[in-house]
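Structure record follows, encoded as structure tokens.
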Amino acid sequence: MPAATVIELSDIGVTAGTTPILRGIDLEVVGGEIVGLFGANGAGKTTLLRLIATLIRPAAGTGIVLGADLSGDDRYDIRNRIGMIGHVPGLYPELTLGENLRFAASVAGVPADAVETSLEAVGLLGAIDRQAGASSHGMQRRAEFARELMIERDLLLLDEPHSALDKDAVELVNGLVGKIAANGGAAILVSHDRDRVVAIADRSVELAGGSLR
Amino acid sequence: MSTAFRTQVVAVVDRDLRRERRRGDVLWVTIPFGAMALFLFPLAIGTDSALLQRIGPGLYWVTVMLFGVLISVGRASVETQAQRDAASLLGLDPAAGYVGRSISAAGLLIIFEVILGVVAIVLYGFDLIGIPWLIATLFIVAIGLGLLGSLAASLVGSSSSGSALVPLLVAPLAVPLLLGATQAYEGLRLGDSILPWMLLMAAVVLVAAIAGVLTARPLQES
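Protein sequence lines, in the order shown, are assigned to chains A and B.
My numbering puts the first residue of the first sequence at 553, with every later residue one more than the last.
My numbering puts the first residue of the second sequence at 1012, with every later residue one more than the last.
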């Protein structure tokens, strides 16, 4: 049986005001695939990730992600199946790592005991009461990976997934990505560290001047 | 209201109040400045106790409005794009986010109103009359300001100019609350009916709540 299509973008354009950020984007990603996305600073990589994450609407073209139209209201229904970790941490600095994950668990409808389990999986159980703002960048990223472990995702979008992580954490991230792909999901990894991503990706695409090649 | 929606509202309220407890913006900045404003009025207009007693309630409500706007707006503007994205991808219903932010802002505003109320009574010496109605007014104003602040913050989004615009947007919208609160006290003092003023404030709350819930999703996208 052929793998299900997870992402299908056709002639997608995104603008910021009148400035085109992405244009003529065609991309298809099927279940089980890990795709590396490369490009220079300002090429539109983060915008493409946010578009695929349903957080911004396309100005042109059509896009289907996990069966939902990127321009339709059904995209709200699939949001909790998409995990995204950007290069800026999305944690609340005033809250502890545990409180951040408990908030995520409550909103996502995940049992609260999953918080400790997932923090333990990323080696942060001992830091559960440490404020996110007082934690290193690497610890914050680990905590975000713990959040993604906790919630069952079908699509993972990672911006610079290996930055600020030690060797163990890199293996952990690769394991999470591999697990999602093995379960029929997909992952897109944006990185400047081409070698590390190519090592785990099935294929790579390059974004330049707002277009894929 | 579904269980999932209620759970999300509670999670947002809990998050916001924990963040505020650690940041201390309201406790250590807004409340002292509000109290200072109340203290400065007598210095500016003189220490005529009869005059202060007469205009004290009005000065109190003006102070509550101006500083309250900052409190309600502050709750919404301390969220970064990355935090908003992460919350959206947890499946947070934008309407639940709006309601939760408004409730947490209202909770902080009630604390602010009570502390400033004590300061105002000490400084201006006005009488506490119709206490149940005054308590109802405190709650309605707090809820109204919380809803309006969260709505305005959603309207202007996260742009840097936005955070400066929000108080300017909320202040005029809060005028009916100011009018209702001051006139309700005046009505109690004179023994007049205060029902029209209570209804005016309740209408503001209702309109802000409906508008906020209905526009939460499109505003999140804009």
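Glycine included, each C-beta is placed from N, C-alpha and C at the ideal position.
Please read all numbers here as calculations on a predicted model, not as lab measurements.
Residue i at chain A interface by Cβ criterion, 7 Å
i: residue 1036 of chain B; result: no
i: residue 1096 of chain B; result: yes
i: residue 1169 of chain B; result: Interpretation of residue 1169 of chain B is limited by its pLDDT of 49, a score under 50 that renders its predicted location unreliable; the figure taken from the coordinates is listed afterwards. Not one chain A Cβ lies under 7 Å of residue 1169 of chain B.
i: residue 1033 of chain B; result: yes
i: residue 1112 of chain B; result: no
i: residue 1029 of chain B; result: yes
Proximal residues of chain B, C-beta to C-beta of residue i below 7 Å
i: residue 655 of chain A; result: 1022 and 1026
i: residue 635 of chain A; result: 1100
i: residue 712 of chain A; result: Correct list: empty, because the minimum Cβ distance to chain B is about 13 Å.
Chain-ordered neighbours of residue i on chain B, where CB pairs are closer than 8 Å
i: residue 661 of chain A; result: 1015, 1018 and 1102
7 Å Cβ cutoff, residue i in contact with chain B
i: residue 650 of chain A; result: no
i: residue 688 of chain A; result: no
i: residue 607 of chain A; result: yes
i: residue 693 of chain A; result: no
i: residue 646 of chain A; result: yes
i: residue 632 of chain A; result: yes
i: residue 658 of chain A; result: yes
i: residue 680 of chain A; result: no
i: residue 557 of chain A; result: no
i: residue 603 of chain A; result: no
Under 7 Å by beta carbon: chain A residues contacting residue i
i: residue 1093 of chain B; result: 638, 640, 641 and 642
i: residue 1232 of chain B; result: 609
Bridge partners - residue i, DSSP secondary structure assignment
i: residue 742 of chain A; result: A:589 and A:711
i: residue 560 of chain A; result: A:580 and A:616
i: residue 759 of chain A; result: A:591 and A:764
i: residue 1092 of chain B; result: Answer is none; residue 1092 of chain B lacks a bridge partner.
i: residue 683 of chain A; result: A:648
i: residue 568 of chain A; result: A:571
Closer than 6 Å: residue i CB and nearest the ligand NAD heavy atom
i: residue 1076 of chain B; result: For the structure depicted, the ligand NAD is absent and the ligand set is empty, with no information on it obtainable.
Can you confirm whether the stretch 1176-1189 of chain B touches the stretch 1073-1083 of chain B when touching is taken to mean that 3 or more C-beta pairs between the two stretches lie within less than 8 Å? Because the criterion of three Cβ pairs below 8 Å is met, the stretch 1073-1083 of chain B and the stretch 1176-1189 of chain B touch.
Counting Cβ pairs closer than 8 Å, one from the stretch 731-750 of chain A and one from the stretch 709-722 of chain A, do we hit at least three? Output reads yes: the stretch 709-722 of chain A touches the stretch 731-750 of chain A.
Say whether the stretch 1187-1204 of chain B touches the stretch 1119-1128 of chain B, bearing in mind that this needs 3 or more beta-carbon pairs closer than 8 Å, one atom from each stretch. With a cut-off of 8 Å, the stretch 1119-1128 of chain B and the stretch 1187-1204 of chain B do not count as touching, because too few Cβ pairs lie within range.
Counting only runs that start and end within the stretch 575-644 of chain A, where is the beta strand (DSSP E) found for 3 or more residues in a row? Counting whole runs of 3 or more residues, the stretch 575-644 of chain A contains the beta strand (DSSP E) stretches 586-591, 612-617 and 634-637.
Using 8 Å as the cut-off, can you tell me whether the stretch 646-653 of chain A makes contact with the stretch 677-690 of chain A, which would need three or more C-beta pairs spanning the two stretches below that distance? Yes, since at least three Cβ pairs between the stretch 646-653 of chain A and the stretch 677-690 of chain A fall closer than 8 Å, the two stretches touch.
Determine contact between the stretch 1135-1151 of chain B and the stretch 1063-1079 of chain B, defined as no fewer than three beta-carbon pairs at a distance below 8 Å. Yes, since at least three Cβ pairs between the stretch 1135-1151 of chain B and the stretch 1063-1079 of chain B fall closer than 8 Å, the two stretches touch.
On the three-pair Cβ rule with 8 Å, is the stretch 588-607 of chain A touching the stretch 1012-1019 of chain B? Cβ pair count under 8 Å is below three, so no.
In chain order, what are the residue ranges of uninterrupted alpha helix (DSSP H) at least 4 long that sit wholly in the stretch 1147-1205 of chain B? Inside the stretch 1147-1205 of chain B, DSSP marks whole alpha helix (DSSP H) runs of 4 or more residues at positions 1171-1184 and 1186-1201, from first to last along the chain.
At least 3 beta-carbon pairs within less than 8 Å: the stretch 693-702 of chain A vs the stretch 725-735 of chain A: By the Cβ rule, the stretch 693-702 of chain A counts as touching the stretch 725-735 of chain A, because three or more pairs are nearer than 8 Å.
Count Cβ pairs between the stretch 1158-1166 of chain B and the stretch 1209-1222 of chain B that sit closer than 8 Å; are there 3 or more? As far as the Cβ criterion goes, the stretch 1158-1166 of chain B touches the stretch 1209-1222 of chain B, which means the pair count is three or higher.
For the stretch 1029-1077 of chain B, which segments carrying the alpha helix (DSSP H) assignment without a break, of at least 4 residues, lie completely within its bounds, in sequence order? List check, alpha helix (DSSP H) in window: 1042-1056.
Touching or not, the stretch 604-613 of chain A and the stretch 565-581 of chain A, by the rule of three or more beta carbon pairs under 8 Å? Segments in contact, yes.
Using 8 Å as the threshold, is the stretch 743-758 of chain A in touch with the stretch 628-643 of chain A, meaning 3 or more CB pairs across them? The stretch 743-758 of chain A vs the stretch 628-643 of chain A: no contact.
So, do the stretch 1041-1055 of chain B and the stretch 1023-1032 of chain B have three or more beta carbon pairs nearer to each other than 8 Å? No: the two stretches stay apart, fewer than three of their Cβ pairs being nearer than 8 Å.
Under 8 Å, with one C-beta from each stretch per pair, do the stretch 554-563 of chain A and the stretch 575-583 of chain A reach the 3-pair mark? Note that the stretch 554-563 of chain A touches the stretch 575-583 of chain A; at least 3 beta-carbon pairs, one per stretch, sit closer than 8 Å.
Three or more beta-carbon pairs under 8 Å between the stretch 1054-1061 of chain B and the stretch 596-605 of chain A, yes or no? Under the Cβ criterion (8 Å, minimum of three pairs), the stretch 1054-1061 of chain B does not count as touching the stretch 596-605 of chain A.
Please confirm if the stretch 1030-1040 of chain B is in contact with the stretch 668-678 of chain A, defined as three or more CB-CB distances below 8 Å between the two stretches. Touching, no.
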